[in-house]
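Peer 1:
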Amino acid sequence: MLACAARVPRASPLGRGISVRYASGWRLEPELRSESGGVIYKLDESSVDEYGVQSPVYESSADGKKYHVQVIAHKEDFENYLSLQTRVALSPYVRVATDTIPEHQAFVYPSPGPLNLGRTKGLFYSARRRVLRDALRGLADLHDRGIVHDNLVPRAILYEDTESPNKKGKIEMSLGSVALAPDEKWVTGPGPNFNEPHRSPEAWCGARRNQASDVFAFGTLIIYAMAVNAARKLPFDVDPSGKLLFEDRWRRTILRQIAMCADKKAFEGFRAHIGSKSPFQKQLSRMKGAFEVEYQRAPITAGDRLALQPDAADLVAQMMNLDPARRITARKALQHEYFSPKRWNSNWIGAPTPQ
1 MLACAARVPR
11 ASPLGRGISV
21 RYASGWRLEP
31 ELRSESGGVI
41 YKLDESSVDE
51 YGVQSPVYES
61 SADGKKYHVQ
71 VIAHKEDFEN
81 YLSLQTRVAL
91 SPYVRVATDT
101 IPEHQAFVYP
111 SPGPLNLGRT
121 KGLFYSARRR
131 VLRDALRGLA
141 DLHDRGIVHD
151 NLVPRAILYE
161 DTESPNKKGK
171 IEMSLGSVAL
181 APDEKWVTGP
191 GPNFNEPHRS
201 PEAWCGARRN
211 QASDVFAFGT
221 LIIYAMAVNA
231 ARKLPFDVDP
241 SGKLLFEDRW
251 RRTILRQIAM
261 CADKKAFEGF
271 RAHIGSKSPF
281 QKQLSRMKGA
291 FEVEYQRAPI
301 TAGDRLALQP
311 DAADLVAQMM
321 NLDPARRITA
331 RKALQHEYFS
341 PKRWNSNWIG
351 APTPQ
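Those letters in the sequence shown? Residues 1 to 355, by UniProt numbering.
1. With DSSP as the reference, label His-143 as helix, strand or coil.
2. Can you find the residues in the same chain that come closer than 7 Å, C-beta to C-beta, to Leu-136, ignoring five residues on each side of it along the sequence?
3. Kindly give me the distance between the Cβ atoms of His-273 and Glu-202, rounded to whole angstroms, as I take these residues to be in contact under 8 Å.
4. Secondary structure at Thr-100, three-state DSSP: helix, strand or coil?
5. Taking one C-beta from the region 95-113 and one from the region 306-326 each time, how about it: are there three or more such pairs within less than 8 Å?
6. Do you know how far the Cα of Phe-107 is from the Cα of Glu-31?
7. Just reading off the alpha helix (DSSP H) that Arg-331 is part of, what are its end residues?
8. With burial defined as no fewer than 16 other Cβ atoms inside 10 Å of the residue's Cβ, what is the status of Lys-282: buried or exposed?
9. For Pro-106, does the three-state DSSP call read helix, strand or coil?
10. Would you kindly report the start and end of the unbroken beta strand (DSSP E) that includes Val-69?
11. Does Tyr-338 pass the burial test, meaning 16 or more other C-beta atoms within 10 Å, or should it be called exposed?
12. Return the residue from the list Val-215, Asp-141, Tyr-224 that minimises the CA-CA distance to Ala-325.
13. Below 8 Å, how does it come out for the region 61-68 and the region 77-90: are there three or more Cβ pairs, yes or no?
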């Protein structure tokens, strides 16, 4: 829960397509005092994430505990983001700030430690499934309140450091990406530029995005966590070496997404979604044969394409339809038999997934 809930400033909701801006290169004093004045946070160096992108997140400590302090560049963004945080403060499946430092436009989070979906080696198969289910509950809580996460990557899914296989998952509200998109509203403009393996096709085309875009990205996280063959965990990672130009990465990714996630109806629905004036329409028209030629089709549900169990493949296929309008919602996905505890034993125990 937000410790500062009683001191929330009155802030107008985020407008259509507006998201929090990063504070690149931001530097602060070595010690920051909380709004109440009772806690002093000692800062270390600003962290650099696994993609090598400078982030305004500082490792810090106070009273023997570790925290993350994240700074927002603009006051309006700080107030708007605080308003968004209070919307989901009561959700047990969303990691929100526990303190604020308004003077420096900073949020304070308990340090999540190294345990996230990107580091699951040796984690029980059933425990991974439970982590995914709880994180999907967090995503559904965001969506119920009109919030789009817009940056779902493995490290945004956290879980507790316990010896028990009954690990509980949480979704992290990533500062710099979340935006408000109530019913029939959309997020527009460029999204995060470092989540390409988990980016929805509409995001790749610079088109409008909403909760359905999050659902597609979450489908890629299920593949990442549950695919038995490690080489198939990132089916849309077309440039591991980082040497391709955007045009080549776009073409290879979209072709693969069409082959795995589309039929004729979905393909035409996707083209309608991005709009007739999209600069990508000409390239898409040339790709039409990707699903019309049988040997080029590779649906998610076909055989062992992704080395997923059949129920997992069925769920992922419904979450990752190329046409955003045909994807199931996060709430609907939670009702899928894949997440039913009746299919597991009471202790959720299973063998570790091979690496």
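C-beta atoms are modelled at their ideal positions from N, C-alpha and C, and glycine is treated no differently. All values reported here derive from a predicted model rather than from experimental measurement.
Peer 2: Reading it off the structure:
1. helix
2. Phe-218, Ala-330, Ala-333, Leu-334
3. 6 Å
4. strand
5. Output reads no: the region 306-326 does not touch the region 95-113.
6. 14 Å
7. 330-334
8. exposed
9. Before going on, a small fix: residue 106 reads as Ala here, not Pro. Ala-106: strand per DSSP, three-state reduction.
10. 65-71
11. Counting Cβ neighbours within 10 Å, Tyr-338 comes out buried, since at least 16 surround it.
12. Val-215
13. no
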